[in-house]
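Remarks on the structure that follows.
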Amino acid sequence: MRESVLLALIHIFAIVSTVNPLGITSRGKKILRSYLRRYLNRELEEEYYALFENNLEFYSNELKSVDKSQLADEDSLISFQITNICRQIKKGLFIEERMLVFLQLMEFAYEDGQVSEQEKTIIDIVVRTFNIPKKEYNNAAAFMVGRNFDDIATDCVLIIESDNPDLSGAGIYKNYEKWRHIRIKGFKGLIIVLYIESTGTLLFTYDGPLTLYFKGRDIIACRPYLLERGVNIKGVGIDPIYYSRIYKKFVSRGFSDKVVFEGHDVEYLFKNSDNGVRKMNFRVESGNLIGIMGGSGVGKSTLLNLLHGKWKPTTGNIYINGYDINAESEEIKGLIGYVPQDDMLIEELTVYQNLFYNARLCFGDYTIEQINNTVEKVLIDLDLLEIKDLQVGDVLNKKVSGG
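In structure tokens form, the structure reads like this:
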């Protein structure tokens, strides 16, 4: 979980405990620790719990300074506190992070299996302050609290089930036929996925006999989970269920045709050299996120220059929906966006000197010997020791790969 989101949640959890006349009970502490343990290691759990206690003390003292005679009732007091903190938190969070805070608060509130009126009041205030759409609030409440999946808008639900639907038990839901489906051979039970359109967020819950894994941990049946980009759901005897496969089920209906990007026998060699990109074939379809990994100078930038049509392959062809991106570039104009890297380096200095200069700026209290040791460690870690004395050069006269 991102630090900005976790810090926001710690503030809100402290407010929840502050406005409770009983404070945070031993049961409440157990619930909070259980929640933190799901996302953090032991050391960070203790660190954030200590932060929670500090915030709890701060808000308790702040609450005592409020003129209660100016407030109509206890609900007004809750509203006063939580609205103030939400307005402060909102300024530092992107819309996706605000949605995440809302969802995590819903999850935390239901951690003990019920939502009190006080907790519901706080959730309502967060919804108002964060401008959460009513449809998405209702969908999330039905999904996370009541598990009333038939009450969720049908275009926001997907189910993952066996390739034999009769074995999944999903037929008990009246909206079963209206939902999106992914069917997997050998799968048992049912995964229900909620799609939150405004932020592209996916939540899921599993009910079934399989032992499934998510981010290295067992999935607990009937508990809601946030499915983040690049993460997958695994289980013995089934293929991994990737985020991209689920996500494109929700977004693909907005496009009449899928985009197919493919390369046939693509090879590129630099002039008078054997270096470049070796012969390769590939095919990817819309809805997938692809990463290109490799060490410095192995050809990542060269490959990207080929993929977006800046350079023409020595042999082979690259196509988008059958159009050659080099020979028929006018036909696909506007389909490719490319954001290149920008080398923020001093061209006249060597690799070592650039690192040394930046280290002096970052570590003002280090001695020259400590700076040298730090720079050498970075050079070794990045496998750049052999080129440490090469001048970086400019864009037109590069001596070292930008990577």
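Residues in the sequence shown are numbered from 47 upward in steps of one, following this note's numbering.
Even glycine gets a Cβ: it sits at the ideal position worked out from N, Cα and C.
Small disclaimer: the values here were computed from a predicted structure and weren't measured.
With 16 or more neighbouring CB atoms inside 10 Å of its own CB, PRO359 falls in the buried class.
Closest option to LEU236, judged by alpha-carbon separation, among GLU163, ALA267, THR245 and GLY262: ALA267. Around the beta carbon of PHE59, 16 or more other beta carbons lie within 10 angstroms, which makes this residue buried.
Of all alpha-carbon atoms in GLY380, ILE77, GLY355 and TYR403, the one lying nearest the alpha-carbon of ASP370 is that of GLY355. Nearest to ILE205 by C-alpha distance, out of VAL51, THR251 and GLY232, is THR251. Secondary structure at MET326: strand, using DSSP grouped into helix, strand and coil. In terms of CA proximity to ASN221, THR200 leads the group LEU240, THR200, TYR241 and LYS231.
For THR247, there is no enclosing alpha helix (DSSP H); the enclosing beta strand (DSSP E) covers residues 247-253. Taking a C-beta distance under 8 Å as the contact criterion, ILE141 and THR245 qualify as a contact pair. Around the beta carbon of GLU376, a 10 Å sphere encloses fewer than 16 other beta carbons of the protein chains shown; the residue is thus reported as exposed.
When rounded, the separation of the alpha-carbon atoms in PHE409 and GLU394 is 23 Å. Boundaries of the beta strand (DSSP E) around ASP285: 284-288.
The region 341-368 contains, as complete alpha helix (DSSP H) runs of 4+ residues, the segments 346-353 (chain order). Three or more beta-carbon pairs separated by less than 8 Å are not found between the region 303-321 and the region 267-283, which leaves the two stretches without contact.
By the Cβ criterion, the region 161-180 is in contact with the region 130-146, since at least three pairs of Cβ atoms, one from each stretch, lie closer than 8 Å. Judged by DSSP secondary structure, ARG406 falls within the alpha helix (DSSP H) whose first and last residues are 397-408. The region 152-166 and the region 180-197 touch, with three or more beta-carbon pairs separated by less than 8 Å. Between the region 249-263 and the region 318-330 there are fewer than three C-beta pairs closer than 8 Å, too few to call the two in contact. Rounded to whole angstroms, ARG275 and GLY333 show a C-alpha spacing of 12 Å. Going by DSSP, ASN210 is part of no alpha helix (DSSP H) at all; its letter is neither H nor E. In this structure, the CA atom of GLY138 is about 8 Å from the CA atom of SER50. LYS280: not part of any alpha helix (DSSP H); member of the beta strand (DSSP E) spanning 278-281, first to last residue. About 5 Å separates the beta carbon of ILE242 from that of GLU182, a gap short enough to meet the 8 Å contact definition. For VAL239, the enclosing beta strand (DSSP E) starts and ends at 236-242.
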